[in-house]
Amino acid sequence: MKRIISPSVLSADFGHLADDIAMLDRSEAEWVHIDVMDGVFVPNISFGFPLMPPIRKGTKKVLDTHLMIVNPEKYIERFAKAGADIVTIHLEATDDLHGAIATIKKAGVKAGVSIKPKTPVSAIVPYLNELDLVLIMSVEPGFGGQSFIEGSTEKVAELRREIDRCGSQAMIEIDGGITLDNAAEVYAAGCEVLVAGSTVFASPDPEETIHKLLNV
Ligand code: DX5
Ligand code: ZN
1 MKRIISPSVL SADFGHLADD IAMLDRSEAE WVHIDVMDGV FVPNISFGFP
51 LMPPIRKGTK KVLDTHLMIV NPEKYIERFA KAGADIVTIH LEATDDLHGA
101 IATIKKAGVK AGVSIKPKTP VSAIVPYLNE LDLVLIMSVE PGFGGQSFIE
151 GSTEKVAELR REIDRCGSQA MIEIDGGITL DNAAEVYAAG CEVLVAGSTV
201 FASPDPEETI HKLLNV
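In full-length UniProt numbering, the protein residues as written are 1 to 216.
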């Protein structure tokens, strides 16, 4: 199964953002993960539209945009216009998930939906045939640098079974607490895309760490 690393810009050095984006551009990471937090859906505020143009300018990699915001429908088109290639919203953030997925597709980008640690895989099953990506949160969303929640690997395995059963094309991505120690088990459970924030950016050689995460 294909392996993709999506380093999270949340852990980058915003004082030297262009350098960090250039490093990701040189690296073996195929995607760049962009964590947008509104202080309402999650208890933290990160960044929004102003960071999209400099990131888009600095790399041709796939911009994997993770919206941790309420009323995501309102902002999907703007993120697509700002250069997102994938827009992922939260199942818990909307009352009309079918409608929100349609809005993402209408904006001409790939559609992802994320579920929080306490949301069961069964909640996403009715949507699998509409999706390009399902993002399993392996920490409570809001902050980088947290520890991987046990049981997340089992959720990946369950989701893999459901996706294979219904013939969905959706890729599986995992986000939160990914390290060189747990990457192998999530790949083995059927996950294709690993988000990594602190593991990449807090390491002495981020490019080498990306290489290692791909080759555990
Ligand atoms: C958390 C974010 C994650 C976070 C991951 O809400 O969605 O993408 O940046 O950071 P690490 O890899 O440090 O857990
Ligand atoms: Zn994220």
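C-beta atoms are modelled at their ideal positions from N, C-alpha and C, and glycine is treated no differently. Since this is a predicted model, take the numbers as computed values, not measurements.
(Q) Using 8 Å as the cut-off, can you tell me whether the segment 178-197 makes contact with the segment 129-149, which would need three or more C-beta pairs spanning the two stretches below that distance? (A) yes
Q. In terms of residue numbering, what span does the beta strand (DSSP E) encompassing A196 cover?
A. Residue mapping note: residue 196 aligns to position 196 of the sequence shown, counting from 1. Here the beta strand (DSSP E) through A196 covers V193 to A196.
Q) Counting pairs of beta carbons, one from the segment 142-160 and one from the segment 101-110, are three or more of them closer than 8 Å? A) no
Q.
Tell me the rounded alpha-carbon separation between I210 and E28.
A. Position 210 of the sequence shown holds residue 210. Position 28 of the sequence shown holds residue 28. Rounded to the nearest angstrom, the two C-alpha atoms are 7 Å apart.
Q: Output the boundary residues of the alpha helix (DSSP H) element that contains T94.
A: Numbered from 1 along the sequence shown, position 94 holds the residue referred to as residue 94. First-last for T94: undefined, no H or E at that position.
Q. Any chance the segment 78-98 sits against the segment 53-63, with 3 or more Cβ pairs inside 8 Å?
A. yes
Q) Taking Cβ positions, are S114 and H90 nearer each other than 9 Å? A) Position 114 of the sequence shown holds residue 114. Position 90 of the sequence shown holds residue 90. In contact: S114 and H90 (Cβ atoms closer than 9 Å).
Q. The alpha helix (DSSP H) with residue 217 in it runs from where to where?
A. The displayed coordinates of the chain run from 1 to 216. Any statement about residue 217 would go beyond what the structure contains.
(Q) To the nearest angstrom, how far is the alpha carbon of E73 from that of D132? (A) Counted from its first residue, the sequence shown places residue 73 at position 73. Counted from its first residue, the sequence shown places residue 132 at position 132. About 17 Å.
Q. Since T209 is in the alpha helix (DSSP H), which residue starts that stretch and which ends it?
A. In the sequence shown, the residue the question calls residue 209 occupies position 209. First-last of the alpha helix (DSSP H) with T209: P206 to L214.
Q: Collect the residues with a C-beta less than 5 Å away from any heavy atom of the ligand ZN and give them in sequence order along the chain.
A: D35, H66 and D175
(Q) Measuring only from the beta carbon, is A196 closer than 8 Å to any heavy atom that is part of the ligand DX5? (A) Taking the first residue of the sequence shown as position 1, residue 196 is located at position 196. True, at least one ligand heavy atom lies under 8 Å from that Cβ.
Q.
Counting C-beta neighbours from all protein chains within 10 Å, is the total for V186 16 or more, i.e. buried, or is it exposed?
A. Within the sequence shown, the letter at position 186 stands for residue 186. The residue is buried, with at least 16 neighbouring Cβ atoms inside 10 Å.
Q) Expressed to the nearest angstrom, what Euclidean distance is found between the alpha-carbon atoms of H33 and H66? A) Here residue 33 is taken as the residue at index 33 of the sequence shown, counted from 1. Here residue 66 is taken as the residue at index 66 of the sequence shown, counted from 1. Looking at the two C-alpha atoms, the distance is approximately 7 Å.
Q.
Tell me which residue opens and which closes the alpha helix (DSSP H) that S114 is part of.
A. As a position in the sequence shown, residue 114 is number 114, starting the count at 1. Element bounds for S114: not the alpha helix (DSSP H) but the beta strand (DSSP E), K110 to I115.
Q: Leaving aside the five residues before and after A18 along the sequence, list all residues of the same chain whose C-beta is less than 8 Å from its C-beta, in chain order.
A: Taking the sequence shown and counting its residues from 1, one reaches residue 18 at position 18. So the list reads P54 and G58, once near-sequence residues are dropped.
Q: Just grab the DSSP bridge partners of E173 for me.
A: For the purposes of this step, residue 173 is taken as residue 173 along the sequence shown, with counting starting at 1. For E173, which the question treats as bridged, DSSP gives the partners L135 and V193.
(Q) Using a Cβ-Cβ cutoff of less than 8 Å, which residues in the same chain neighbour L180 once the five nearest sequence positions on both sides are dropped? (A) For the purposes of this step, residue 180 is identified with residue 180 of the sequence shown, where counting begins at 1. Cβ neighbours of L180 beyond the five flanking positions: T199, T209, K212, L213 and V216.
(Q) Just to confirm the assignment, what range does the beta strand (DSSP E) spanning T153 have? (A) Here residue 153 is taken as the residue at index 153 of the sequence shown, counted from 1. DSSP places T153 outside any beta strand (DSSP E); the residue lies instead in the alpha helix (DSSP H), whose first and last residues are S152 to C166.
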